[in-house]
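Undergrad: Residue numbers (my numbering): 224 to 586.
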Ligand code: NAP
Ligand code: FE
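(1) Closer than 8 Å to a non-hydrogen atom of the ligand FMN - does that hold for the CB of residue 266?
(2) Thinking residue 471 and residue 318 are a contact (beta carbons under 8 Å), I'd like their distance in whole angstroms, please.
(3) Use the C-beta contact count for residue 533: other C-beta atoms within 10 angstroms, 16 or more gives buried, fewer gives exposed.
(4) In whole angstroms, what is the alpha-carbon distance linking residue 539 and residue 234?
(5) Sort 517, 515 and 558 by Cα distance to residue 485 and report the nearest one.
(6) Can we count residue 293 as close to the ligand NAP, meaning its CB is less than 8 Å from some heavy atom?
(7) I'd like to know if the region 388–407 and the region 355–362 are in contact, where contact means that at least 3 CB-CB pairs between them fall below 8 Å.
(8) Run through DSSP, which three-state label would residue 498 get?
(9) In three-state terms, what does DSSP make of residue 389?
(10) Compare the Cα-Cα distances from residue 283 to each of 459, 300, 257 and 261 and report the closest residue.
(11) List the residues that DSSP assigns as beta-bridge partners of residue 286.
(12) Just to check my reading of the structure: residue 392 and residue 248 have Cβ atoms closer than 8 Å, yes? What is that Cβ distance to the nearest angstrom?
(13) Pull the bridge partners of residue 381 from the DSSP assignment, please.
(14) Suppose you measure from the CA of residue 344 to the CA of residue 375; what does that come to, to the nearest Å?
(15) Rank 301, 243 and 357 by C-alpha distance to the C-alpha of residue 339 and give the top, closest one.
(16) Could you tell me whether any non-hydrogen atom of the ligand NAP is closer than 8 Å to the CB of residue 321?
(17) From which residue to which residue does the beta strand (DSSP E) around residue 404 run?
(18) Would you mind sorting residue 443 into buried or exposed? The rule is 16 or more other CB atoms within 10 Å of its CB.
(19) Hey, could you find the ends of the alpha helix (DSSP H) residue 536 is sitting in?
(20) What are the boundary residues of the beta strand (DSSP E) that residue 355 is part of?
(21) Going by DSSP in three states, residue 234 sits in which element: helix, strand or coil?
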């Protein structure tokens, strides 16, 4: 047996996490840039909890509240300029995966003034300012991953920034998700589920990542039931946030694979939310496996009989009405076939034909 494992984030998981554990931020400095989305963090209380905490700690702050879904490098540059002007010591991301990933990128850009949207992918390994993450969706696991996924308009795609930016602190309070609308709850939960799946059926899977993934599947057994019944109780919110964190810990070790890599085109060109972009491809991706051993074990943990059972669950949760032309399928498949980083995470050989089939049979 051989494995490497590193997960350096301090996690505070409880209702009231920011208020009860705010002193953990004292070591990070005296000026913070808060990076958040346009409105939800003002409605769900997360922004106010953080600004109250910073005021109580006498930490100065400014708020950048203009992160869009699937954040672009352009937005990251604008937020970074605010942080540089403030001379921020650390960056706090509050929101779904988009603000959290943007906060990581901003922390990198502030620390390295020579970096900009045109040279970031050829820059080598860089350090960043410290990042604090406050998730308000239960999906991406970004609060415990080193990844920052950004939209690169020049290349018409989404990409991992290619740096390792683990948040130093994650404040996880599921009360921020209590009023998350049903559709976003589903989309983000499906994202978390695909993280568990893609880490479990991954070239880099190891005993520790598998342990988290299996625990996540066990949680998803009841999360799927609650989602189907639309019983979004506090208990459900807590469970799915935990499952999402387990997914994050698992992909932090293993990376994601085909659904995530193939889904980026569906988000970029068809505007499909990230979780659905992965989810809609998942059943066909799973069918393509020749070795069914771990797949069978995974379904067994969730007490799902076979892939039709999983498909029925997905059909109950979401509908995707996008149709792809053959030209689009071919273009997306050829582009994904260049993504060697994602392909090497998939434990079996796949060629462009297999990728095209997954797109075709899914949509
Ligand atoms: P998101 O893009 O951050 O947010 C989607 C929508 O949800 C926004 O309209 C947002 O509103 C709203 N929202 C967020 N929290 C809410 C709440 N508590 N109540 C009501 N509305 C709320 O969604 P996401 O799915 O969490 O993140 C997706 C991004 O994460 C993608 O860019 C994806 O590539 C990335 N991702 C990253 C990782 C990683 O490891 N780093 C892993 C998977 C995915 P506001 O704009 O007003 O806040
Ligand atoms: Fe994801």
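Glycine included, C-beta positions come from ideal geometry on N, C-alpha and C.
TA: Let's see:
(1) Among the ligands present in this structure, namely the ligand NAP and the ligand FE, the ligand FMN is not found.
(2) So it is not a contact: roughly 15 Å between Cβ atoms.
(3) So residue 533 ends up on the buried side.
(4) Between residue 539 and residue 234, the C-alpha separation is close to 33 Å.
(5) Looking at the Cα atoms, 558 is the closest of the given residues.
(6) The beta carbon of residue 293 sits closer than 8 Å to at least one heavy atom of the ligand NAP.
(7) Touching, per the Cβ criterion.
(8) If DSSP states are grouped into helix, strand and coil, residue 498 belongs with the helices.
(9) Correct three-state label for residue 389: coil.
(10) For residue 283, the closest of 459, 300, 257 and 261 by C-alpha to C-alpha distance is 257.
(11) DSSP output for residue 286 lists 257 as bridge partner(s).
(12) Contact between residue 392 and residue 248 holds: their C-beta atoms lie close to 7 Å from each other, under 8 Å.
(13) Partner(s): 374.
(14) Taken atom to atom, the span from the alpha-carbon of residue 344 to that of residue 375 is near 10 Å.
(15) With distances taken between CA atoms, residue 339 lies nearest to 301 out of 301, 243 and 357.
(16) Indeed, a heavy atom of the ligand NAP lies less than 8 Å from the Cβ.
(17) Where residue 404 is concerned, there is no enclosing beta strand (DSSP E), given that its DSSP letter is neither H nor E.
(18) Residue 443 is buried by the Cβ-count criterion.
(19) Its alpha helix (DSSP H) spans residues 530–540.
(20) Start and end: 353–358.
(21) Reduced to three states, the DSSP call for residue 234 is strand.
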